[in-house]
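Protein chains: 2
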Amino acid sequence: MSTEFQDIKSHITNLIQMNEEVFNLALGHFTLKHIKKGDYLVTEGTIAKHIAYIRKGLFRTFYLKDGNEVNTCFCMENSMTTSHESFVNKKASTEYIQALEDATIISLSHESLLSLYESNSEWVELSRLLTEVECARLTERIKALSFETAKEKYLHLLTSQPKVIQRVSIQHIASYIGVSRETLSRVRSQISQLQ
Amino acid sequence: MSTEFQDIKSHITNLIQMNEEVFNLALGHFTLKHIKKGDYLVTEGTIAKHIAYIRKGLFRTFYLKDGNEVNTCFCMENSMTTSHESFVNKKASTEYIQALEDATIISLSHESLLSLYESNSEWVELSRLLTEVECARLTERIKALSFETAKEKYLHLLTSQPKVIQRVSIQHIASYIGVSRETLSRVRSQISQLQ
DNA sequence: AGAATCAATTGACATATGTCACATTATTGC
DNA sequence: GCAATAATGTGACATATGTCAATTGATTCT
Numbered sequence: 054m055s056t057e058f059q060d061i062k063s064h065i066t067n068l069i070q071m072n073e074e075v076f077n078l079a080l081g082h083f084t085l086k087h088i089k090k091g092d093y094l095v096t097e098g099t100i101a102k103h104i105a106y107i108r109k110g111l112f113r114t115f116y117l118k119d120g121n122e123v124n125t126c127f128c129m130e131n132s133m134t135t136s137h138e139s140f141v142n143k144k145a146s147t148e149y150i151q152a153l154e155d156a157t158i159i160s161l162s163h164e165s166l167l168s169l170y171e172s173n174s175e176w177v178e179l180s181r182l183l184t185e186v187e188c189a190r191l192t193e194r195i196k197a198l199s200f201e202t203a204k205e206k207y208l209h210l211l212t213s214q215p216k217v218i219q220r221v222s223i224q225h226i227a228s229y230i231g232v233s234r235e236t237l238s239r240v241r242s243q244i245s246q247l248q
Numbered sequence: 054m055s056t057e058f059q060d061i062k063s064h065i066t067n068l069i070q071m072n073e074e075v076f077n078l079a080l081g082h083f084t085l086k087h088i089k090k091g092d093y094l095v096t097e098g099t100i101a102k103h104i105a106y107i108r109k110g111l112f113r114t115f116y117l118k119d120g121n122e123v124n125t126c127f128c129m130e131n132s133m134t135t136s137h138e139s140f141v142n143k144k145a146s147t148e149y150i151q152a153l154e155d156a157t158i159i160s161l162s163h164e165s166l167l168s169l170y171e172s173n174s175e176w177v178e179l180s181r182l183l184t185e186v187e188c189a190r191l192t193e194r195i196k197a198l199s200f201e202t203a204k205e206k207y208l209h210l211l212t213s214q215p216k217v218i219q220r221v222s223i224q225h226i227a228s229y230i231g232v233s234r235e236t237l238s239r240v241r242s243q244i245s246q247l248q
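Going down the list, the protein sequences come from chains R and Z.
Note that the working numbering numbers the first sequence so that position 31 is 84, with each residue one more than the last.
Note that the working numbering numbers the second sequence so that position 53 is 106, with each residue one more than the last.
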């Protein structure tokens, strides 16, 4: 097996016990892709036909609200991303997924996933687990939004996703936690003064 | 089949194509229970060992934050409720589920569900679908929390869950949408004046 | 039915945050 | 490397909302 699929293998076998042979049979369904910073994996109105395992890079998910972008997710190395509802239900996506850095992904189509379901039930179970992961992510986001003040929201993100704060611009973080970028800027300067 | 299980059967066969025989084999696992207003299905720190189909009544899910209750979900007739993460992962619940009205539920234990998994794979698929429903609920809640003003949040709930507003006290709704009950009270009087 | 408890309303006030405007600093592209 | 563009930081100000307190209205329980 080429080394480029080694990390997705670890990622999957970390979630679920899977025989090496079973995994290797899926290799033909995987496609390695390079995505340029600023490019989109998914856009509003289209159906997300692939799920992407991120080998390198960083993506944001956002939707448009009154013409403004609202970020809902940041995904980086060693995780999977897609417009979940669109991918699962084959319906038009309400959101965009954009690369914030040059990225390398391993792409798996919905068709491929269905044929893997047929070949081995472990792929069904993996799908169920990925839905559970999505639930956990949504729960985490609800928590992030439920904090009362901008400062609390930022400090929470600082501990729950420190790498996001290191790599994502302040305007995108502000949008994610639901405060204006000016307020977040003031919160940050206030915090750095205290230290 | 006694009539008391007719509605849960409709509910399940609405989600997934299921042979009548397959469903009937599960009947022995269902338990009918009556819950008094104010009583709890799940409390913080315990493991949610059952999932409940609600035949009658209304439940709220909440957690404690700095000693204050924060509502996260209202469930009523013809839907299922449990502390999802606790039930799925067999870990201590971080939330409470309380009856806001006298209720009748049909209860299914985690053990029973696992044995149904063995008997027929349609129950596995049902489980995945219930997780998708949970995802949709969480997404809806994120949307509710993402509106900017108290008025927008309330008006959204008014259209998305009108029955909740009819049956749930204002203090619980305020907690759900993340505003103080005083503010919600003012928002409501403002809205009724305009009409 | 009446007492007691709980829920909702309303007023006064302090404040966190959004918005606009502009200055400053980074980043990008040629 | 330099111009152009984008991102971030700050000040001034208006306002939506939380908090506290007091009142009114509704439920509950014996």
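Cβ coordinates follow ideal geometry from the N, Cα and C atoms, glycine included.
Computed from a predicted model, the values in this text were never measured in an experiment.
C-beta neighbour in chain Z for Leu210 of chain R, strict 7 Å: Taking the first residue of the first sequence as position 1, residue 210 of chain R is located at position 157. No - not a single Cβ of chain Z is within 7 Å of the one on Leu210 of chain R.
Beta carbon proximity, Arg195 of chain R to chain Z, threshold 7 Å: As a position in the first sequence, residue 195 of chain R is number 142, starting the count at 1. Per the sequence shown, the amino acid found at residue 195 of chain R is Ile instead of Arg. With 7 Å as the cut-off, Ile195 of chain R counts as an interface residue toward chain Z.
Rounded straight-line distance, which links the Cα of Ser162 of chain Z to that of Tyr149 of chain Z: Locating residue 149 of chain Z in the second sequence gives position 96, where the first residue counts as 1. Locating residue 162 of chain Z in the second sequence gives position 109, where the first residue counts as 1. Taking the straight line from one Cα to the other gives about 18 Å.
Within-7 Å CB hit, Thr114 of chain R to chain Z: Locating residue 114 of chain R in the first sequence gives position 61, counting from the first residue. Taking Cβ atoms only, chain Z never reaches closer than 7 Å to Thr114 of chain R, which makes this a no.
Cβ distance (whole Å) where Leu56 of chain Z is taken to contact Gly110 of chain Z below 8 Å: Counted from its first residue, the second sequence places residue 56 of chain Z at position 3. Counted from its first residue, the second sequence places residue 110 of chain Z at position 57. Correcting the residue type first, residue 56 of chain Z is Thr in the shown sequence and not Leu. About 18 Å; that fails the 8 Å criterion.
Burial state of Ala227 of chain R (16 or more Cβ within 10 Å): Here residue 227 of chain R is taken as the residue at index 174 of the first sequence, counted from 1. The residue is buried, with at least 16 neighbouring Cβ atoms inside 10 Å.
Under 9 Å by beta carbon: chain R residues contacting Arg234 of chain Z: One-based indexing of the second sequence puts residue 234 of chain Z at position 181. Going along chain R, no residue has its Cβ under 9 Å from Arg234 of chain Z, so there is no contact; the nearest lies around 15 Å.
Any C-beta of chain R under 7 Å from that of Ser188 of chain Z: Here residue 188 of chain Z refers to the residue found at position 135 when the second sequence is read from its first residue. A small correction: the amino acid at residue 188 of chain Z is Cys; Ser does not occupy that position in the sequence shown. Chain R contact via Cβ: present.
Residue environment, Ile223 of chain R, which counts as buried when at least 16 other CB atoms sit within 10 Å: Along the first sequence, one-based indexing puts residue 223 of chain R at 170. Counting C-beta atoms within 10 angstroms of its own C-beta, Ile223 of chain R has fewer than 16 neighbours from the protein chains shown and is therefore classed as exposed.
Counted within 10 angstroms of its Cβ, other Cβ atoms place Tyr93 of chain R as buried (16 or more) or exposed: Here residue 93 of chain R is taken as the residue at index 40 of the first sequence, counted from 1. So Tyr93 of chain R ends up on the exposed side.
7 Å Cβ cutoff, Leu169 of chain Z in contact with chain R: Taking the second sequence and counting its residues from 1, the one referred to as residue 169 of chain Z is at position 116. Leu169 of chain Z does not count as touching chain R.
7 Å Cβ cutoff, Thr135 of chain R in contact with chain Z: Along the first sequence, read from residue 1 onward, the residue named residue 135 of chain R stands at position 82. It does not; no Cβ of chain Z falls within 7 Å.
Ser180 of chain R beta carbon near the ligand ADP (any heavy atom closer than 6 Å): Inclusion of the ligand ADP in the displayed structure is not the case, the ligand content being empty and no account of it being possible.
Endpoints, alpha helix (DSSP H) assigned at Gln151 of chain R: Start at 1 with the first residue of the first sequence, and residue 151 of chain R comes out as number 98. Taken as a continuous stretch (DSSP letters only), Gln151 of chain R belongs to no alpha helix (DSSP H), being part of the beta strand (DSSP E) at 149-152.
For Lys118 of chain Z, the three-state DSSP class (helix, strand or coil): Reading the second sequence from its first residue, position 65 is the one you call residue 118 of chain Z. Strand at Lys118 of chain Z.
C-beta neighbour in chain Z for Leu237 of chain R, strict 7 Å: Here residue 237 of chain R refers to the residue found at position 184 when the first sequence is read from its first residue. For Leu237 of chain R, the answer is no, since every Cβ of chain Z falls outside 7 Å of its Cβ.
Amino acids of chain Z, ordered along the chain, whose beta-carbon sits closer than 8 Å to that of Ser213 of chain R: Residue numbering aside, residue 213 of chain R sits at position 160 when the first sequence is read from its first letter. Ordered by position in chain Z, no residue passes the 8 Å Cβ test against Ser213 of chain R, which lies about 15 Å from the chain.
Endpoints, the beta strand (DSSP E) within which Ala156 of chain R is located: To locate residue 156 of chain R, count along the first sequence from 1; it is residue 103. Note, Ala156 of chain R: beta strand (DSSP E), 156-162.
Lys143 of chain Z classed as buried or exposed, judged by whether at least 16 other C-beta atoms fall within 10 angstroms: Taking the first residue of the second sequence as 1, we reach residue 143 of chain Z at position 90. Burial call: exposed.
Contact set for Ile69 of chain R: own chain, Cβ-Cβ below 7 Å, skip 5 residues either direction: In the first sequence, residue 69 of chain R corresponds to position 16, counting from 1. Within the same chain, Ile69 of chain R has close Cβ partners Glu175, Glu178, Leu179, Leu182.
Residue-chain proximity (Arg220 of chain R, chain Z), Cβ-Cβ < 7 Å: What you label residue 220 of chain R is simply residue 167 of the first sequence in a count that begins at 1. Output row for Arg220 of chain R: interface = no.
Closest by C-alpha distance to His103 of chain Z, when choosing among Z:His137, Z:Leu78, Z:Asn121, Z:Phe76: Reading the second sequence from its first residue, position 50 is the one you call residue 103 of chain Z. With distances taken between Cα atoms, His103 of chain Z lies closest to Z:His137.
Alpha-carbon spacing of Tyr170 of chain R relative to Asn67 of chain R, whole angstroms: Residue 170 of chain R sits at position 117 when you count from the first residue of the first sequence. Residue 67 of chain R sits at position 14 when you count from the first residue of the first sequence. So the alpha carbons of these two residues sit roughly 19 Å apart.
For Ala145 of chain R and Ile100 of chain R, believed in contact at Cβ under 8 Å, the rounded distance: Taking the first residue of the first sequence as 1, we reach residue 100 of chain R at position 47. Taking the first residue of the first sequence as 1, we reach residue 145 of chain R at position 92. By a beta-carbon distance limit of 8 Å, Ile100 of chain R contacts Ala145 of chain R. Their separation comes to about 6 Å.
7 Å Cβ cutoff met for Phe112 of chain Z and Thr147 of chain Z: Translated into positions along the second sequence, residue 112 of chain Z becomes position 59. Translated into positions along the second sequence, residue 147 of chain Z becomes position 94. No. Outside cutoff.
Exposed unless 16 or more other CB atoms sit within 10 angstroms - verdict on Lys206 of chain Z: Looking up residue 206 of chain Z in the second sequence gives position 153. The residue in question, Lys206 of chain Z, is buried, as its Cβ has 16 or more Cβ neighbours within 10 Å.
Alpha helix (DSSP H) runs wholly inside the region 197-235 of chain R, at least 4 long, in chain order: 203-213, 215-220, 223-230
Short Cβ contact (7 Å threshold) for Lys216 of chain Z with Val240 of chain Z: If you number the second sequence from 1, residue 216 of chain Z lands on position 163. If you number the second sequence from 1, residue 240 of chain Z lands on position 187. No, they are not a contact pair.
Check whether Glu187 of chain R and Cys126 of chain Z have beta carbons under 7 Å apart: As a first step, residue 187 of chain R must be located in the first sequence, where it is residue number 134. As a first step, residue 126 of chain Z must be located in the second sequence, where it is residue number 73. No. Outside cutoff.
Through-space distance from Thr114 of chain Z to Lys89 of chain Z, alpha-carbon basis: If you number the second sequence from 1, residue 89 of chain Z lands on position 36. If you number the second sequence from 1, residue 114 of chain Z lands on position 61. Cα-Cα distance, rounded: 16 Å.
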